[in-house]
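Before any comments, here is the structure.
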Amino acid sequence: MSGFTLGAKAKILNTLFEGKTYYAGLLTAVTMGENGKENATELVSSSYARRAINFGSTTSNETSNLASVKFPEAREDWGRVIGIGIYDSITGGNLINYATFDARDEVIIYALMQYEIAKNFYVIGFRN
1 MSGFTLGAKA
11 KILNTLFEGK
21 TYYAGLLTAV
31 TMGENGKENA
41 TELVSSSYAR
51 RAINFGSTTS
61 NETSNLASVK
71 FPEAREDWGR
81 VIGIGIYDSI
91 TGGNLINYAT
101 FDARDEVIIY
111 ALMQYEIAKN
121 FYVIGFRN
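Position one of the sequence shown corresponds to residue 1 (UniProt numbering), numbered consecutively onward.
Here it is as structure tokens:
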């Protein structure tokens with residue numbers, strides 16, 4: 001069995017995330033394709049847009065968002081959100097990382113609601 005050292009894990013995370021702006025998106029589904037590739041379905045609505053998210057420097061095996069991330073207020077029902085995706089572009093682009101919620105944490109967003117990712121809520125890392 002092999003693995004990265006803690007220092008190597010921190011270096012990888014800092015290289016990918018420290019000082020860079022990514023974009024958080026709300027996901028309505030995540031499925032696995034035949035080749036094992038993850039297929040994420042992002043919420044689509046006229047009042048919805050991705051929001052910038054930044055991650056801190058780390059000396060450990062994980063990093064988290066530096067500040068809260070507020071999505072626009074929903075002007076119409078957005079429906080069920082099952083997770084969050086991190087993209088490298090404000091529109092289109094590549095899905096870099098994603099996290100799905102436990103079923104009990106899924107949320108239904110109705111008109112006039114505003115979803116927020118709390119500071120340090122979104123954690124990206126390596127398993128020990």
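Just so you know, even glycine gets a beta-carbon here, dropped at the ideal spot from N, CA and C.
Comparing C-alpha distances from Asp77 to each of Lys20, Tyr48, Tyr98 shows the shortest one belongs to Tyr48.
Cβ-Cβ distances below 6 Å link Glu62 to Val123, Gly125 in the same chain, with the five nearest sequence neighbours on each side left out; the list follows chain order. Secondary structure at Thr28: strand, using DSSP grouped into helix, strand and coil.
Taking Thr31 as the centre and dropping the five residues before and after it, the same chain places the C-beta of Asn39 closer than 6 Å to its C-beta, in chain order. DSSP places Ile124 in the uninterrupted beta strand (DSSP E) bounded by 123-125. Taking Ile90 as reference, the option from Glu18, Leu16, Arg50 with the minimal CA-CA separation is Arg50. Residue range 38-42 is occupied by the beta strand (DSSP E) that includes Thr41. For Ile108, the enclosing beta strand (DSSP E) has its first and last residue at 107-109. When the beta-carbon positions are compared, Gly83 and Thr59 stay at least 8 Å from each other. Arg51 is bridged by DSSP to Ala24. In the DSSP assignment, Thr59 falls outside any beta strand (DSSP E) and carries neither an H nor an E. Under the three-state reduction of DSSP output, Lys70 falls in the strand class.
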